[in-house]
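Written out below as structure tokens is the structure these notes cover.
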Amino acid sequence: MKFRNKFISKRIGTKTLASLLAFGMALGSPMAVFADDGETAVVAENTVQAKKTDGSEVFVSVSDYVRGMMERGAVRLNDETGYLEDTSTGQKVDPETGERLTETPDVPETPVIPDTPGNQENPETPETPENPEIPEAPEKPDTPEKPETPEKPDTPENPETPEKPETPEKPDTPENPETPEKPGTPENPDSPDSGKSDSKDPIQKPDTDKADSSEDRKDTKTDPIPGSEIDHTQEISKAEEAAGQNESKTAVSNSELINRQQIVKQPEMVEDFRFWTVARKYAFARTAINVREEIPEAADGRADTSEEAKEAELEAAKKDAKELRAGFDIENQKYNTKKVKRTKTAKGVKKSTQIKLTGLNIFSSAKLKTEAPNQTNLKAGKRAEAARQAEKDLQKQKEEQAAKVTADLAAQQMEEKVRSVGTISQDGLLYILKEEDNGWLYVESGNVRGFVKASEIYTEDAAQELLDVYQTQARLKASKENKDYTGIEGTAKTAQALIEAKDNQAYTYLRATVNQTVADKEPALVSDQLDTDKKGILDIQEEKNADSRVVGTMTAGELCYILADEDSDWVYVESGDVRGFAEKKYLKSDAETKAQVTERGADSYSVADENMDPEDNKALYYTLTSTKEGTPSGEIRQSMIEYASQFVGNPYVWGGTSLTNGADCSGFVQQIYKSYGYDLPRVAEDQSQYGTKIPVEDAQPGDLIFYAKNGYVYHVVMYAGDGKTIEAANEDVGIIYGTVYDKDAVWATRILDDNYAVAGGGIGEVNATQEMYGTDLGNFTITYYCACEICCNKADGITATGTPVIEGQTIAVDPSVIPYGTKVIIGGHVFTAEDCGGAIKKNHIDVYVNSHEEALALGVTNAEVYLVK
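Taken in order, the sequence shown gives residues -35 to -1, 1 to 834; the numbers are from mature numbering (1 follows the signal peptide of the UniProt record, and there is no 0).
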């Protein structure tokens, strides 16, 4: 089970370059290998040559465009014949234009001939369909093909008849239906659109398409996308109409369309394991509950969201808050009573020492006698005994109740057939990290992480009732102890773990946490003492002993950071991606070492070698902190899918761009991406050229996949993962969940940047170039906040767009001034408007940082804010 989500590119380029060079050598003529940007990376002495396909047998140089097709493996050189050939069909390929030819090149274009009778002027018609050979075609096929068919186009020289496109006589003649039976007939219905008539019926209406027997046309109408019953006939029609209006465009096959693109094979991705910090979203347990390791099968966790249910929930929360407050009042009274008693005792001791000597003079043996017990003391003693008994009874009642709760939770666990990783008592604190389907929530409480039902907890206004009580008590407690207020943790109860975190499969389900994840850097260098004691190798162990598994190794002078247990003999360290335990005596971490690392720079040092993948290392999450911030690339994509999903069921409107009132396929994806700060072109054909083209099989959630027919892009969908899509399909079904239509899917485009560490990083890092500066929005007041409970003391959290907060990326804004998703430059750094806050009004921006200490230290500043172009 993999839990790592940050994508770090491992580009495999060496083999590709070597294979291209070998290919050039095999041809006998050195060829040029081109870099991704189109510039020549390796310059050849000679160019590749091949025979022209016009029958002249002349060798010519292969054009750069065709050479690119050869490099992609779409075209090869036949050494025996000297011709270029399509690797899949064997067709000859023109070395200059890349056009494919067959042994009978006229046959595929014969379907245009039936249009010729309907196109009136035989002499002009051949020029329009860009087939100058067509006039001669009728004489050629006399022998092999049906003589009568070619002769018909020669004979119909009656220009008057064809000038009336609406007259059905000519199309009804027996010759016309027979001709489309030849290969390539898909063009038959298209030709009337281009020259014969402006009517859209032959394409839009299935009845008129029935006359066309071609497999391609049938597929368009009757082969819906699997699992979704989608009909794209109208979109194909409109795409073809648009293409037909431009005479410079010619219908080509989808394979030829793909070969003309520069499709980039995506590098191998390795996911990161580090956690990132998110804002707190408070919740409290209504009763004692289990935290599950996974969501039980077919179990519904949804809470009743009706107004009546919400009112009832709020009233129940108020009642619980009242009882909670009463309990704290008793606790505070006991504290005050003890304080008074301590004060009285101290005063009494002082007074007794003063009168001790004089008191001894008063007493005499005559006065020493046994006095009767004081009646008041007897009553006080009885009351004290009664109180002790009541406390014992209460304790017994609590134990019995706890035993019953434990039994109930155990029974629930058996019924759901899912392991419980922890339990939370009534009014216990938990944080919502992610909302799942069917009302299930992924939560964090103390060191327990797993799933609970929405119906089991208080959220929003109801949670705020309990949060207010806990905050009041926590502040009072901090004041009594002369400490700074740091939040309600320690006052509110958190989950009790039933298993260790390393054994909890749900622990890394989502690498988000409300706790701080970036540790202060405490550098350490491996000592030279290794040479005598350890033969020059320092093992990083999975546990705090030398007999445990070795997760990585280091040598003298290599760098690591101490993350935990710095005062122990075994310290927990991180070196590169290796995390585990090392013996402290072999590490140097004094002030001199820190100064040395600072001066030379951490990048100049080597780090540990991995012995295993991080996810196989049981010590990986001994602490969630790291010297680096984790990045939620996969979660950004998931956020986009979840955002798009809420519009499923809304109408499809041709030319529309409204997610609620109606959009077409390209308008739908354009508006989704716009919500995340990306400006896409308006129509699918233009969108297909935006971003990085990748193979369809490499698509990830959020990427766009394009469908084409006869070489024209007619539809775009958003990939949702596992072969599924979200798309504005057609007027019949609207915006739906669909399935990738492999038959017409030609390529995908990647627009989202998976390297969020570049977009984030330290807030002081300058990552904006001069070309990125757009409109000056003016001077803004800049403050700083973190995800702690002090900065964000509301139960519903602070995230406004549903994306995790990231240092170096997230800012809170007034959305009426800077809309969500807007990218701005502050101090040379690019930020994204993702959050808001009650105090963030007008020209005020709150910048997210990872720690409360950093937020306080940065204080309040002013800066010019610019739009990113």
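Ideal Cβ positions, reconstructed from N, Cα and C, are used throughout, including at glycine.
Note down, one range per segment and in chain order, each alpha helix (DSSP H) of at least 4 residues found wholly within the region 532 to 568. 556 to 565
Between which two residues does the beta strand (DSSP E) carrying Glu400 extend? Leu394 to Glu400
Let's test the definition: count the other Cβ atoms within 10 Å of the Cβ of Ile389 and tell me whether it reaches 16, buried, or not, exposed. buried
So Asn403 packs on Asp265, CB below 8 Å; how close in whole Å? 5 Å
From the DSSP output, read off the bridge partner residues of Asn582. Bridge partners of Asn582: none, in fact.
How about the region 739 to 746 and the region 822 to 829: do they share at least three Cβ pairs that are nearer than 8 Å? yes
Report the three-state DSSP secondary structure of Lys287 (helix, strand or coil). helix
What does a CB cutoff of less than 7 Å around Arg602 pick up in its chain, not counting 5 residues either side in sequence? Gln665, Pro666, Gly667 and Leu717
Which residue or residues does DSSP assign as beta-bridge partners of Tyr254? According to the sequence as given, residue 254 is Ile; it is not Tyr. According to DSSP, Ile254 bridges with Ile389.
Suppose you measure from the CA of Leu279 to the CA of Arg290; what does that come to, to the nearest Å? 16 Å
Alpha carbon of Gly792 to alpha carbon of Ala477, nearest angstrom: 28 Å
Of the listed residues Asn255, Ala372 and Gly802, nearest to Ile464 (C-alpha basis): Asn255
Cβ of Glu696 within 7 Å of Cβ of Tyr617? yes
Check whether the Cβ atoms of Tyr474 and Tyr407 sit closer than 7 Å, and answer yes or no. yes
Short of 6 Å in beta carbon distance, which residues of its chain neighbour Ile397, apart from the five on each side in sequence? Order them along the chain. Lys246, Ala248, Leu406 and Val408
Could you check if Ser271 is buried or exposed, using at least 16 other CB atoms within 10 Å of its CB as the buried criterion? exposed
Quick check: what's the CA-CA separation for Val678 versus Leu503? 58 Å
C-beta atoms of Ala693 and Asp644 nearer than 7 Å: no
Touch test, the region 708 to 715 against the region 643 to 663, Cβ-Cβ under 8 Å, three pairs minimum: yes
Anyone know if the C-beta pair for Val543 and Glu575 falls short of 7 Å? yes
Helix, strand or coil for Val40, going by three-state DSSP, please let me know. strand
Per DSSP, what kind of secondary structure is Ile295 in: helix, strand or coil? helix
What three-state label does DSSP hand Thr437 in the structure shown? helix
Limits of the unbroken beta strand (DSSP E) element including Cys756: Taken as a continuous stretch (DSSP letters only), Cys756 belongs to no beta strand (DSSP E), as it is neither H nor E.
Any idea if Val27 is buried or exposed, counting beta-carbon neighbours within 10 angstroms, 16 or more meaning buried? buried
Are Asp51 and Arg65 close, meaning C-beta to C-beta below 7 Å? yes
Looking only at its chain, what residues have a beta carbon closer than 8 Å to the beta carbon of Gln652, apart from the 5 residues adjacent to it on each side? Ser631, Val634, Gln635, Leu645, Pro646, Leu669, Phe671, Val681 and Thr714
Is it true that the region 479 to 495 meets the region 431 to 440, where meeting means three or more beta-carbon pairs spaced less than 8 Å apart? no
The beta strand (DSSP E) enclosing Ile691, as first and last residue numbers: Lys689 to Asn695
With distances taken Cα to Cα, identify the nearest neighbour of Asp581 among Tyr551, Arg514 and Glu421. Arg514
Just mark Phe546 as buried or exposed, buried being the case when its beta carbon has 16 or more other beta carbons within 10 Å. buried
Does the beta-carbon distance from Thr563 to Lys486 come in below 7 Å? no
Restricting to Cα atoms, I'd like to know which of Ala777, Leu832, Ala822 and Lys834 is closest to Ile810. Ala777
Rounded separation between Thr437 and Lys363 - CA only: 26 Å
On the CB-based measure, 16 or more other CB atoms within 10 Å of its CB, does Val23 come out buried or exposed? exposed
Starting from Asn469, trace the alpha helix (DSSP H) in both directions and tell me its first and last residue. Taken as a continuous stretch (DSSP letters only), Asn469 belongs to no alpha helix (DSSP H), as it is neither H nor E.
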